[in-house]
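In the numbering used here, the protein residues as written are 31 to 525.
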């Protein structure tokens, strides 16, 4: 009898110990690089955080914990861990961190633009996908693309006749500014306001302040004081007030504009406001409209131009790929002058070139940060609420466990697989995935494909005199969206 009691006690204690060990294992946090008091791991980010975090992940693994000031942060750097975060546990971490620090009234619509996951956000996304970024809307703005690409070709042809280099970085940015602004704001607004540098300055400053280091982001309870002292907070306030005035001028122009013209984004949103459309528990307001336009401007203009520039830089460095993609386009066109959407659908190698560009040069390499809402696990590591979550698309695109020869620009790697950029394959995430995937994905892809197809069809390209392939600087510029640090100068030759 005593033996039975003894064995029962041993088994019971063993079960308790195993349960305690299991709980401890389940609650373990991800590995972390050593940091300093107060600042944590901030000093390890550098000018290009996606690259710094990629290098750290090689040592600490694909799930890594950092303390950025006072903000607990987890970075995932492999396709498998990204799948766990963005698909399996998407609902646990699909919110956005709020903008920190006290703000004046002009910041109200920035809070809306970066809204957390709630009923308002779900209704807003549904409206954007249905009304603003649908395939139907993309086809509606095709005449705008045709017109603006025609102007781009005429401009580049002038440089070809004088055998002078053109800045493709500037040309692609100007093309996207024109297309997006005409689609969003209409022709009358374009002609009235955008003939000067004011709009370009507004957009550029918005990108700078959203991508700049802010103490209040990492020290929520007092960092705003540092931002005030450094002048960052004042600069942000001035920038947002300028944007606010810009939007008000735009609304006034639409109020008194030609009623017979094609409905643009602003017309649509103002009509929905007049009809008292409801988003979640709120009616659509003027601040909501400004928030939507803010996302359209910052999400569409720079990212598409960046992708086209990186693609041309890689093509000029890889003459074999350049020749192959141009042959595909020219064989498809058969000496016709106008490229159509139906032609684009048949350019399979061009689509592979673009996917390979996104793999090596995702325009937003850390995507947009998420905030964990409820506890979950990635690779057995416990991820707690209020943690900031980054997905390093740059690191995923260079993962040797996923990609053979990851540093080589090789579009053919997409020939024998079905990997696409629509958020279903976590090896390639230029637009993110899950509930927070970019709603303008279809429009952005169509813009990149159409712009590149025309430039590669109409012109051959060579380096400026005295320059060789090895001279091309592929260094990245810091910021929210990461483009080439130095402009891409190439000499066009009319085909």
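Glycine included, every Cβ here is placed at the ideal spot set by N, Cα and C.
- DSSP places residue 103 in the strand class (E or B) of the three-state scheme.
- Annotation for residue 472: 163, 165, 168 place their beta carbon closer than 7 Å to its own, counting only its chain and skipping 5 residues before and after.
- Distances from the alpha-carbon of residue 90 to those of 371, 411, 401, 477 put 411 closest.
- Per DSSP, residue 420 is one residue of the beta strand (DSSP E) stretching across 418-421.
- Counting C-beta pairs closer than 8 Å gives three or more between the region 422-438 and the region 387-402, which meets the contact rule.
- Here residue 235 has 269 as same chain residues with Cβ atoms under 6 Å from its own Cβ, once five neighbours each way along the sequence are excluded.
- Taking 8 Å as the cut-off, the beta carbon of residue 102 is found no closer than this to the beta carbon of residue 345.
- In this structure, the alpha-carbon of residue 206 lies about 43 Å from that of residue 59.
- DSSP places residue 65 outside both helix and strand once states are collapsed to three, so it counts as coil.
- The C-beta of residue 498 has fewer than 16 other C-beta atoms within 10 Å across all chains shown, which makes the residue exposed.
- Contiguous alpha helix (DSSP H) elements confined to the region 241-329 occur at 245-248, 253-260, 262-285, 295-304, taking only those with 4 or more residues.
- Residues of the same chain with a CB within less than 7 Å of the CB of residue 430, apart from the 5 flanking positions on each side, are 436 in chain order.
- With contacts defined by Cβ atoms closer than 8 Å, residue 214 and residue 159 do not form a contacting pair.
- According to the DSSP assignment, residue 349 belongs to the alpha helix (DSSP H) that extends over 349-363.
- When DSSP states are grouped into helix, strand and coil, residue 522 belongs to the strand group.
- Cβ-Cβ separation between residue 517 and residue 199: approximately 4 Å, consistent with a contact (criterion under 8 Å).
- With a beta-carbon spacing of about 4 Å, residue 335 and residue 202 fall inside the 8 Å limit used to define contacts.
- Take the alpha-carbon of residue 256 and the one of residue 314: they are about 35 Å apart.
- DSSP, reduced to helix, strand and coil, places residue 98 within a strand of the structure shown.
- CA-CA distance, residue 123 to residue 463, rounds to 12 Å.
- By the beta-carbon neighbour count (other beta carbons within 10 angstroms, threshold 16), residue 286 is exposed.
- Sequence-distant partners of residue 63 (beyond 5 residues in either direction) whose C-beta falls short of 8 Å from its own C-beta, in its chain, are 71, 74, 86, 89, 90, 94, 96.
- Here the alpha carbon of residue 271 sits roughly 24 Å from the alpha carbon of residue 154.
- Around the beta carbon of residue 68, fewer than 16 other beta carbons lie within 10 angstroms, which makes this residue exposed.
- Here residue 376 is exposed: its Cβ has fewer than 16 other Cβ atoms, across all protein chains shown, within 10 Å.
- Taking the CA atoms as reference points, residue 251 sits about 9 Å from residue 100.
- Residue 439 counts as buried, since no fewer than 16 other beta carbons sit within 10 angstroms of its beta carbon.
- If you check the CB distance, residue 415 and residue 186 do not come in under 8 Å.
- The continuous alpha helix (DSSP H) containing residue 176 extends over residues 172-191.
- In this structure, DSSP gives residue 464 a helical state, which the three-state scheme calls helix.
- DSSP, read as helix, strand or coil, puts residue 505 in coil.
- In the three-state reduction of the DSSP assignment, residue 484 falls in the helix class.
- For residue 379, the uninterrupted alpha helix (DSSP H) run begins and ends at 378-390, by DSSP.
- Residues 383, 384, 387, 482 of the same chain have their beta carbon placed closer than 7 Å to that of residue 341, with the five preceding and five following residues left out of the count.
- Among the bridge pairs identified by DSSP, residue 196 is matched with 520.
- A distance below 8 Å between beta-carbons, with the five flanking residues on each side excluded, links residue 468 to the following residues of its chain, in chain order: 329, 461, 462, 474.
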